[in-house]
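First up is the structure itself, then whatever we jot down about it.
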């Protein structure tokens, strides 16, 4: 039997950090001894254009090199993509959809006319503006993903943020990113409230 | 000590090149190769290598600089993609005929037009008659390992020919994966020093390079290239074995996966072979189909004998081509079929796929295996060439 591969598909817009989040999650997983793959889907790069990115995580070697058609988890970084991008396409029956939006999970469910699956929402852009000062929701979304799935440890994510962004960001921005991850844990909304 | 890291294909190649520490690296940016060059340029700027980084004004100049450096005795390397490789064209042949053992990482990308930045093998397939060796990579680990081995293969006295390390644009170049890297000292010892015996700068034994040779000598030059290429399979195998002893990862001319008792075997190159291996496993478990995968690592030299051995027991053979020779079909298909002539019978189908980066999903790979099994069962083999995933 092949090892199960957890497949995460990211939908975002150019500039929202989907590519960075996708790679950060994979490298954290690899750092803990797992196998992982992060593959952003490139087009003609331009800010605001819809983009997809793929993260795979497994205990065994990952051999496939295709797009993710049947994700276990879908991450939506921009809720305007809900109606234009078919974000739930192929999402497995017991899969999870996590959306950056001010809507409730029930509203997202109505918008997508989706049955089954588990929906979570979080207002990641507002948190990002408040904590980081910029509308880049990716670190908040990673925090929310870790909060609802436990796919990696939050401490490992924080270490990676410090390692990857520490040299680029001011101490204040870095702290803001850490707080953003923590707030994601508290503010992610499930359908049960 | 080996270390487990997370790198993209471009970063894997750059890391290998850092450890190789070539004397000269000539580079010109082109997507999707550019990040490789960026990373290597950072190693130069940080003083982690002693390489002279030559920033040229075109790929034609990049390959020319590499040839010049090589005949002057330097260990030289470059990297490019697609139209960049096309612009190197005339100098590729010169590098091979001057017996320059240089390494070029080619990040596979579709040739224009229409303009496209994504993966297919139209770029390197066109260079298959240039006199270069070509190694294709399935994943980032192989990008790293092949780049290191390429140096040894190229410089081996029985070969002394340039080597292309080919890896799929974006699918590998921009995909982050787990891989194991050697420590610097291990790589340094493995590749050793490069001593070019016919050195342009050896003024005590002055020689001419890139000279004029008409009816009198040109033919002999070409025959020597033919002979050197004929020596290459044994050298590739020997260096692969040596590398396996060092790292535990074995490399040969090809990689036969579940081929021994397979009814259906699919051949191909590059990153897609990982997806196809998964499809072979799944179909074996779920549908009882006996599927094998034959990944060709060395496309030049073409390992005809080894291919014949690996596919001897199959009822039907499929070949996957990520390039097309207009008016003929898939280049790999036609070479495999030609290799079988006079030795092996049996039906074959050609599957063209993935042109311009069109994704080949796991479902597509399973579909290819099933269509081979169906053809074998029904005895209907037409059409021979099939276009996977194209809209008509």
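Residue numbers (the working numbering), protein chains in the order written: chain A, 1 to 193; chain B, 1001 to 1392. Note that beta-carbon positions come from the ideal geometry of N, C-alpha and C, so glycine has one too.
Review point. Does any C-beta atom of chain B lie closer than 8 Å to the C-beta of residue 163 of chain A?
Key: Counting from 1 along the first chain, the entry for residue 163 of chain A is found at position 163. At a cut-off of 8 Å between beta-carbon atoms, residue 163 of chain A makes no contact with chain B.
Check your understanding: What did DSSP end up calling residue 1264 of chain B once you bin it into helix, strand or coil?
Key -> As a working note, residue 1264 of chain B is residue 264 in the second chain. The DSSP-derived three-state label of residue 1264 of chain B is strand.
Point to revise | Three-state secondary structure (DSSP) of residue 1275 of chain B | key: Position 275 of the second chain, counted from the first residue, corresponds to residue 1275 of chain B. Look at residue 1275 of chain B here: in three-state DSSP terms it is helix.
Review point. Can you name the residues of chain B whose CB is closer than 9 Å to the CB of residue 23 of chain A?
Key: Working through the first chain from its first residue, we reach residue 23 of chain A at position 23. In chain order: 1006, 1008 and 1176.
Check your understanding: Which of helix, strand or coil does DSSP assign to residue 1004 of chain B?
Key -> Indexing the second chain from 1 puts residue 1004 of chain B at position 4. Residue state, collapsed to three classes: strand.
Practice item. Please go through the same chain and pick out, in chain order, the residues whose beta-carbon is closer than 7 Å to the beta-carbon of residue 116 of chain A, but skip the five residues on each side of it. Key: By 1-based counting over the first chain, the position of residue 116 of chain A is 116. Answer for residue 116 of chain A: 93, listed in chain order.
Review point. With a Cβ-Cβ cutoff of 8 Å, do residue 1420 of chain B and residue 1161 of chain B count as a contact?
Key: Residue 1420 of chain B lies beyond the residue range present for chain B, which begins at 1001 and ends at 1392; the question has no answer from this structure.
Practice item. Compare the C-beta of residue 1321 of chain B with all C-beta atoms of chain A and state if any pair is closer than 8 Å. Key: For this step, residue 1321 of chain B is matched to residue 321 along the second chain. Interface criterion not met: the Cβ of residue 1321 of chain B is under 8 Å from no Cβ in chain A.
Point to revise | Neighbour flag for residue 1359 of chain B against chain A, beta carbons, 8 Å | key: Residue numbering aside, residue 1359 of chain B sits at position 359 when the second chain is read from its first letter. Chain A contact via Cβ: present.
Review point. Just how far apart, CA to CA, sit residue 1116 of chain B and residue 1142 of chain B?
Key: As a first step, residue 1116 of chain B is located in the second chain; it is residue number 116 there, counting from the start. As a first step, residue 1142 of chain B is located in the second chain; it is residue number 142 there, counting from the start. Note on geometry: alpha-carbon atoms of residue 1116 of chain B and residue 1142 of chain B lie some 25 Å from one another.
Point to revise | Interfacial residues, the region 1263-1274 of chain B to chain A, with Cβ spacing under 9 Å | key: Taking 9 Å as the cut-off between beta carbons, the residues of the region 1263-1274 of chain B near chain A are 1270, 1271, 1272, 1273 and 1274, in sequence order.
Practice item. With 7 Å as the limit, tell me which residues of the region 46-70 of chain A have their beta carbon closer than that to any beta carbon of chain B; keep them in chain order. Key: So the list reads 63, 64, 65, 66, 67 and 69, given in the order they occur along the chain.
Check your understanding: How big is the Cα-Cα spacing for residue 1136 of chain B and residue 1044 of chain B?
Key -> Here the question's residue 1136 of chain B lines up with position 136 in the second chain. Here the question's residue 1044 of chain B lines up with position 44 in the second chain. Roughly 27 Å between the two C-alpha positions.
Check your understanding: Is the region 12-21 of chain A touching the region 65-85 of chain A in the sense that three or more CB pairs, one from each, lie closer than 8 Å?
Key -> Note that the region 65-85 of chain A touches the region 12-21 of chain A; at least 3 beta-carbon pairs, one per stretch, sit closer than 8 Å.
Exercise for review: Kindly list the residues whose CB is nearer than 6 Å to the CB of residue 1063 of chain B, restricted to its own chain and excluding five residues on each side of it in sequence; keep chain order.
Suggested key: As a first step, residue 1063 of chain B is located in the second chain; it is residue number 63 there, counting from the start. For residue 1063 of chain B, where only same-chain residues beyond five positions count, the Cβ hits under 6 Å are 1088 and 1091.
Review point. So residue 154 of chain A packs on residue 188 of chain A, CB below 8 Å; how close in whole Å?
Key: Within the first chain, residue 154 of chain A is the residue found at index 154, counting from 1. Within the first chain, residue 188 of chain A is the residue found at index 188, counting from 1. About 12 Å; that fails the 8 Å criterion.
Check your understanding: What in chain A is Cβ-close to residue 1362 of chain B, meaning under 7 Å?
Key -> As a first step, residue 1362 of chain B is located in the second chain; it is residue number 362 there, counting from the start. At a beta-carbon threshold of 7 Å, the residues of chain A lying near residue 1362 of chain B are 64 and 66, ordered along the chain.
Practice item. Note down, one range per segment and in chain order, each beta strand (DSSP E) of at least 3 residues found wholly within the region 1055-1093 of chain B. Key: 1076-1080, all fully within the region 1055-1093 of chain B.
**Study point:** Closer than 8 Å to chain B by CB, residue 30 of chain A
**Key:** Here residue 30 of chain A corresponds to residue number 30 of the first chain, with the count starting at 1. Output row for residue 30 of chain A: interface = yes.
Check your understanding: Residues in the region 1159-1174 of chain B with C-beta within 7 Å of chain A's C-beta atoms, listed in sequence order?
Key -> Result list: 1170, 1171 and 1174.
Exercise for review: Note down, in chain order, every chain B residue with its Cβ under 7 Å from the Cβ of residue 40 of chain A.
Suggested key: Within the first chain, numbered from 1, the residue matching residue 40 of chain A stands at position 40. For residue 40 of chain A, the C-beta contacts it makes with chain B under 7 Å involve 1174, in order along the chain.
Review point. For residue 50 of chain A, which three-state DSSP category applies?
Key: Against the first chain, residue 50 of chain A aligns to sequence position 50. In this structure, residue 50 of chain A counts as strand in the three-state DSSP scheme.
Check your understanding: For residue 189 of chain A, which three-state DSSP category applies?
Key -> As a first step, residue 189 of chain A must be located in the first chain, where it is residue number 189. Strand at residue 189 of chain A.
Exercise for review: Taking only the alpha-carbon atoms, compute the straight-line gap between residue 1367 of chain B and residue 1274 of chain B and give it to the nearest angstrom.
Suggested key: Mapped onto the second chain, residue 1367 of chain B falls at position 367. Mapped onto the second chain, residue 1274 of chain B falls at position 274. Cα-Cα distance, rounded: 15 Å.
Exercise for review: Out of B/1185, B/1387 and B/1131, point me to the one whose CA is closest to residue 1222 of chain B's CA.
Suggested key: Position 222 of the second chain, counted from the start, is the residue given in the question as residue 1222 of chain B. Comparing Cα-Cα distances from residue 1222 of chain B to each of B/1185, B/1387 and B/1131, the minimum goes to B/1131.
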